[in-house]
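Here's the structure, in structure tokens; my notes come after.
Residue numbers (the working numbering): 7 to 136.
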């Protein structure tokens with residue numbers, strides 16, 4: 007894939023997440039996907055995302071920065087959302103928070119095979135203290 011094609015596939019993947027179109031998730035995620043070093047497979051990946059949307063009903067993925075260098079994508083995702091109760095072991099309890107997630111993806115056969123993700127928990131903590 008070219009850089010442009012990879013970026014386009016990634017944007018389509020984010021649209022799939024925002025639409026919660028779980029029936030097409032396998033088009034973007036490899037059957038044996040790994041998340042932060044753990045092999046969870048596409049089923050585990052879907053369950054993780056469904057849990058996220060249950061815990062955060064207004065969850066929406068916003069691409070703030072995107073760099074595609076096949077077979078890798080680096081992305082900074084921005085979130086403005088309202089987790090219902092606990093989030094990252096923080097008592098958010100319905101407070102609207104804004105934070106970023108920095109994510110690296112490795113693609114194999116046009117699908118995500120590995121994900122490395124870090125969420126800016128300190129930004130959430132600071133908002134809860136103010």
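Think of the CB as a built atom: it goes at the ideal place given N, C-alpha and C, for glycine as much as any other residue.
Quick caveat: nothing in here was measured; it's all calculated off a predicted structure.
Per DSSP, the unbroken beta strand (DSSP E) holding residue 83 starts and ends at 78-87. Distance from the CA atom of residue 80 to the CA atom of residue 101, rounded to whole angstroms, is 29 angstroms. If you look at residue 104, you'll find it in the beta strand (DSSP E) that goes 103-114. With 16 or more other Cβ atoms inside 10 Å of its own Cβ, residue 31 counts as buried.
Cβ neighbours of residue 83 within its own chain (closer than 7 angstroms, five residues either side excluded): 67, 68, 69, 70, 106, 107 and 109. For the set 51, 34 and 29, the Cα lying nearest the Cα of residue 17 is the one of 34. Excluding sequence positions up to five before and after residue 20, its CB lies within less than 7 angstroms of the CB of 67 and 69, all in the same chain and listed in chain order. If you ignore the 5 residues before and after residue 45, its C-beta comes within less than 7 angstroms of the C-beta of 38, all in its own chain and listed in chain order.
Inter-segment contact for the region 87-95 and the region 117-124 is absent: fewer than three beta-carbon pairs are separated by less than 8 angstroms.
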